[in-house]
Amino acid sequence: MQKGVITQQEMKRALIITVVLICISGLALVAVACHTLTDFVGFLILGGLSIIAAITYTVGNRPYGYIGLGDISVLVFFGWLSVMGSWYLQAHTLIPALILPATACGLLATAVLNINNLRDINSDRENGKNTLVVRLGDVNARRYHASLLLGALLCLALFNLLSLHSPWGWLFILAAPLLIKQARYVMREREPAAMRPMLERTVKGALLTNLLFVIGILLSQWAV
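In this text, residue positions in the sequence shown follow my numbering: the first is 141, and each later residue adds one.
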């Protein structure tokens with residue numbers, strides 16, 4: 141929208157279509173996978189909360205994304221609920237160790253949000269949008285970004301050591317040099333404009349890390 145490629149009306153239409161498709165596919169999955177009414181209602185509530193969280197991030201009298209709570213929301217919904225919810229939906233049980241890969245996914249998703257907020261720190265500050273980056277300040281926000289990336293790697297490593305116990309479980313390490321390179325870049329570059337190319341790279345880094353981790357899990361199961 142900022143570049144004029146799409147209009148606000150087109151974006152609104154795309155969002156509506158996306159939400160409708162999400163609701164249809166989500167309801168179908170829950171209806172097929174849930175074996176009890178309690179599970180069915182529980183997932184409906186979680187789905188509703190996810191939609192509300194997505195809308196109220198930037199909409200309303202006091203959007204929580206502009207008071208520094210966006211990061212924890214991303215960790216919860218893109219990490220804990222998405223990973224552990226998906227697991228429970230298929231296995232109908234939970235194991236404590238799942239909190240580690242769930243946290244890793246959440247931290248990587250939060251890194252995407254953080255790099256976006258680092259890029260917009262000056263405009264957000266001027267417009268009264270008190271994102272966590274604005275609250276932390278430029279230097280601490282960059283340190284925070286590095287901790288998100290390294291924290292994700294640590295969580296995946298702990299999961300393999302404590303639960304997976306497989307050489308294939310270390311496949312995600314192939315993405316470590318990329319994440320470390322990104323962290324060093326963010327720590328070194330001081331201009332917000334320098335963060336623009338990092339948004340795409342952070343997304344790709346998160347995707348690669350998660351993909352390698354999943355492939356490692358699959359290979360570890362086939363190797364048994």
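Just so it is clear, CB atoms sit at the ideal spot from N, CA and C, and this is done for glycine as well.
Residue i to residue j span [Cα, whole Å]
i, j, result
"Phe-218", "Ala-249", "7 Å"
"Thr-152", "Val-159", "Per the sequence shown, residue 152 should be read as Lys rather than Thr. Approximately 11 Å, taken between the alpha carbons."
"Lys-269", "Leu-215", "20 Å"
"Val-223", "Ala-231", "12 Å"
"Val-326", "Ala-333", "11 Å"
"Gly-210", "Leu-189", "15 Å"
"Ile-261", "Val-273", "7 Å"
"Leu-155", "Leu-161", "10 Å"
"Ile-255", "Gln-322", "10 Å"
"Ser-287", "Thr-196", "27 Å"
"Ser-213", "Ala-193", "8 Å"
"His-285", "Leu-234", "30 Å"
"Ser-165", "Gly-182", "16 Å"
"Gly-205", "Ala-281", "16 Å"
"Ser-306", "Arg-202", "47 Å"
"Ala-168", "Glu-331", "46 Å"
"Ser-226", "Gln-149", "33 Å"
"Asp-264", "Ile-207", "11 Å"
"Phe-180", "Cys-163", "14 Å"
"Glu-329", "Leu-352", "28 Å"
"Thr-147", "Leu-339", "22 Å"
"Ile-191", "Thr-178", "20 Å"
"Leu-358", "Ala-242", "17 Å"
Under the three-state DSSP convention, the category residue i falls into
i, result
"Val-199", "coil"
"Gly-309", "helix"
"Asn-350", "helix"
"Asp-260", "coil"
"Thr-176", "coil"
"Thr-250", "helix"
"Lys-344", "helix"
"Ile-239", "helix"
"Lys-152", "helix"
"Ile-185", "helix"
"Thr-158", "helix"
"Ile-255", "helix"
"Ile-355", "helix"
"Gly-268", "coil"
Presumed contact (8 Å Cβ cut-off) between residue i and residue j, rounded CB distance
i, j, result
"Cys-295", "Ala-237", "Not quite, the Cβ-Cβ distance comes to about 10 Å (not below 8 Å), so this is no contact."
"Gly-309", "Gly-246", "Actually they do not touch by this definition, with Cβ atoms about 19 Å apart."
"Met-335", "Leu-276", "Rounded, the Cβ-Cβ distance is 15 Å, inconsistent with contact."
"Leu-184", "Val-199", "So it is not a contact: roughly 22 Å between Cβ atoms."
"Phe-299", "Leu-240", "4 Å"
"Thr-176", "Val-252", "Their Cβ separation, rounded to whole angstroms, is 35 Å, which puts Thr-176 and Val-252 out of contact at 8 Å."
"Ile-345", "Ala-315", "Sequence inspection shows Gly at residue 345; the Ile mentioned does not correspond to that position. 7 Å between Cβ atoms; contact."
"Phe-312", "Thr-349", "6 Å"
"Ser-360", "Leu-304", "6 Å"
"Leu-293", "Leu-318", "That belief does not hold up - the Cβ atoms of Leu-293 and Leu-318 are roughly 11 Å apart, past 8 Å."
"Ala-297", "Leu-229", "Ala-297 to Leu-229, Cβ: 26 Å. No contact."
Unbroken stretches of the alpha helix (DSSP H), 4 residues or longer, contained in the region 201-233 | You should have 210-214 and 221-231.
Would you list, in sequence order, the uninterrupted alpha helix (DSSP H) runs of no fewer than 4 residues that lie entirely inside the region 272-336?
-> With a minimum length of 4 residues, the unbroken runs of alpha helix (DSSP H) contained wholly in the region 272-336 fall at 272-276, 278-299 and 316-328.
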